[in-house]
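Participant: Right, I'll just put the structure down here and ask away after.
Residue numbers (the numbering used here): -8 to 298.
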C-alpha cells in the first residue's frame, strides 16, 4: 500500500475539501484528485462524496479512516525506529570482562548507557581465552581482555595491570617467606588460564617457590580464603577495587609482573552499536590524556621560585 495515497485520504477526510487538503499536502488539487481516484481504484471502493458543503466520507470511507490513520502512525514509528537503529542508538551490545576489568568495564558501560539509553547491554564475566573465541564467532561484540588478542581481532590498550601479593595480615615478611609458609590460592585452569600463566612466569623468572597450592572457582572465594587465613594469593592489582576491609595487599617487584588490558573486537563484522561504544571509550581516553597534559603544564600558585 502506498503511504502517500493513505496520507492523501486522511488529510482530505480531516480538511473536508480538496483546496485545503492540497495546500496541506503541498500538491495541486488535480494531483490530489488523481491520488484519491487511484486509491479508490485500488480498493474498488468509493471513499468520498462531493456535495454543496464540501467533500464528505462515504460509509466505507468512515470505516477505513481509523485503519488508515493507524497504518500511517505505525509507518512513522517504524521510520523513527529505523533512524535510531541506523545511528546505533537502539539495539543490543554484548560485552565480556575479566578479573582485571572487574571495575573498569561496568564504569564504561554506565557512561555509554547515559548517551545511548535505547541500547540493551549485557555484561558477562569470562576468561580472556573464552572471550577471544566468542568475539571471533560474533557471539560477543566487545571484550575486556589481555591484549594483544589473537588475530584477526582488533584491540585498544587501556591500562597496565600487575601482580600483587594478598595476605591475611600485615605481618612484615618477604613475599618469598609468605609463599614458602602459606599455601598459594589459585583459580582452576579453565577459569584463570591467563592469570595462572602470569603467576607461573613470575614465580619462575624470580626463582620463587610455593609450599603448596589450593584451587578455587573464583576470585571472591580466594579473597575469602585469604581473609580466613587459609593461604595467600597472587592477584591483579585491580582487585583493590573489590577488596573488602582486612585484606592486606603487598606490592611486588621483579620480572614478569605486568600485562596490558584493553578492549578487543572483530572489526571485519559491521556493527554500529559496537563502534559507538568503542568511540566513547576512545573519546574518554583522549579527555583523560588532555587533562593529564594540562595538569602537568600548570604552575601551582606560590610555586614560582626566586632567582
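Ideal Cβ placement from N, Cα and C applies to all residues, glycine included.
(1) Rounded C-beta distance between residue 30 and residue 0? I'm assuming under 8 Å.
(2) So, using beta-carbon positions, are residue 138 and residue 114 closer together than 8 Å?
(3) Beta strand (DSSP E) containing residue 41: first to last residue?
(4) Taking 8 Å as the threshold (C-beta atoms), are residue 176 and residue 230 in contact?
(5) Would you kindly check if the distance between the Cβ of residue 232 and the Cβ of residue 93 is under 8 Å?
(6) Distance, Cα to Cα, residue 271 vs residue 77?
(7) Would you kindly work out how many angstroms separate the C-alpha atoms of residue 158 and residue 182, rounded to a whole number?
(8) Suppose the cutoff is 6 Å on Cβ atoms and the five residues either side in sequence are ignored; what does the same chain contact list for residue 267 look like?
(9) DSSP state of residue 2, grouped into three classes?
(10) To test your reading of the DSSP string, which unbroken beta strand (DSSP E) runs of 3 or more residues are found completely within the stretch 161 to 212?
(11) With a cut-off of 8 Å, do at least 3 Cβ pairs link the stretch 231 to 250 to the stretch 154 to 170?
(12) Check whether the stretch 187 to 197 touches the stretch 247 to 266, counting contact only when three or more Cβ pairs, one atom from each stretch, lie closer than 8 Å.
(13) Roughly how many whole angstroms lie between the Cα atoms of residue 190 and residue 73?
(14) Apart from the five residues just before and just after residue 169, which ones in its own chain have a Cβ nearer than 7 Å to its Cβ?
(15) Looking at the secondary structure, which residues open and close the beta strand (DSSP E) in which residue 155 lies?
(16) Could you give the C-beta distance for residue 38 and residue 47, rounded to a whole number, given that I count them as a contact under 8 Å?
(17) What residue does the alpha helix (DSSP H) around residue 11 start on, and which one ends it?
(18) To the nearest angstrom, report how far apart residue 3 and residue 98 are at their CA atoms.
(19) Determine the DSSP secondary structure at residue 266, reduced to helix, strand or coil.
(20) Roughly how many whole angstroms lie between the Cα atoms of residue 51 and residue 81?
(21) Taking 8 Å as the cut-off, decide whether the C-beta atoms of residue 136 and residue 256 are in contact.
(22) Go through its chain and collect everything with a Cβ distance to residue 259's Cβ below 8 Å, but skip five positions before and after it.
(23) Could you tell me the alpha carbon to alpha carbon distance between residue 277 and residue 214, rounded to whole angstroms?
(24) Could you tell me which residues DSSP puts in a beta bridge with residue 70?
(25) When the Cα atoms are used, what is the spatial distance from residue 239 to residue 217?
(26) How long is the line joining the alpha carbons of residue 59 and residue 91, rounded to whole angstroms?
(27) For residue 89 versus residue 117, is the C-beta distance shorter than 8 Å?
(28) From residue 123 to residue 103, what does the alpha carbon distance come to, in whole angstroms?
Facilitator: Judging by the given coordinates:
(1) Going by Cβ atoms, the distance from residue 30 to residue 0 rounds to 6 Å, so yes, they are a contact pair.
(2) Not closer than 8 Å, so no.
(3) 39 to 42 is the extent of the beta strand (DSSP E) around residue 41.
(4) Inclusion of residue 230 and residue 176 in the CB contact set at 8 Å is not warranted, their separation being larger than that value.
(5) A contact, by the Cβ cut-off of 8 Å.
(6) Between the alpha carbons of residue 271 and residue 77 lies a gap of roughly 17 Å.
(7) Computed Cα separation, rounded: 22 Å.
(8) Cβ neighbours of residue 267 beyond the five flanking positions: 79.
(9) For residue 2, the three-state secondary structure derived from DSSP is helix.
(10) If we require 3 residues or more, the beta strand (DSSP E) runs fully inside the stretch 161 to 212 come out as 175 to 178 and 204 to 207.
(11) Three or more beta-carbon pairs separated by less than 8 Å link the stretch 231 to 250 to the stretch 154 to 170, which places the two stretches in contact.
(12) Yes, the stretch 187 to 197 touches the stretch 247 to 266.
(13) Each residue's Cα considered, the two are about 49 Å apart.
(14) Closer than 7 Å at Cβ, skipping near neighbours: 156, 158 and 223.
(15) Counting along the chain, residue 155 sits inside the beta strand (DSSP E) bounded by residues 145 to 158.
(16) Actually they are not in contact, since the Cβ atoms of residue 38 and residue 47 sit about 10 Å apart, beyond 8 Å.
(17) Where residue 11 is concerned, the enclosing alpha helix (DSSP H) stretches over 9 to 16.
(18) Rounded to the nearest angstrom, the gap between the Cα atoms of residue 3 and residue 98 is 53 Å.
(19) In this structure, residue 266 counts as helix in the three-state DSSP scheme.
(20) Rounded to whole angstroms, residue 51 to residue 81 spans 39 Å at the Cα level.
(21) No.
(22) These residues qualify, in order along the chain: 143.
(23) Cα atoms of residue 277 and residue 214: separation of roughly 35 Å, rounded to the nearest angstrom.
(24) Answer is none; residue 70 lacks a bridge partner.
(25) Rounded to whole angstroms, residue 239 to residue 217 spans 9 Å at the Cα level.
(26) As the crow flies, the alpha-carbon of residue 59 is around 56 Å from that of residue 91.
(27) Yes, these two residues count as a Cβ contact at 8 Å.
(28) For residue 123 and residue 103, the distance between alpha carbons rounds to 22 Å.
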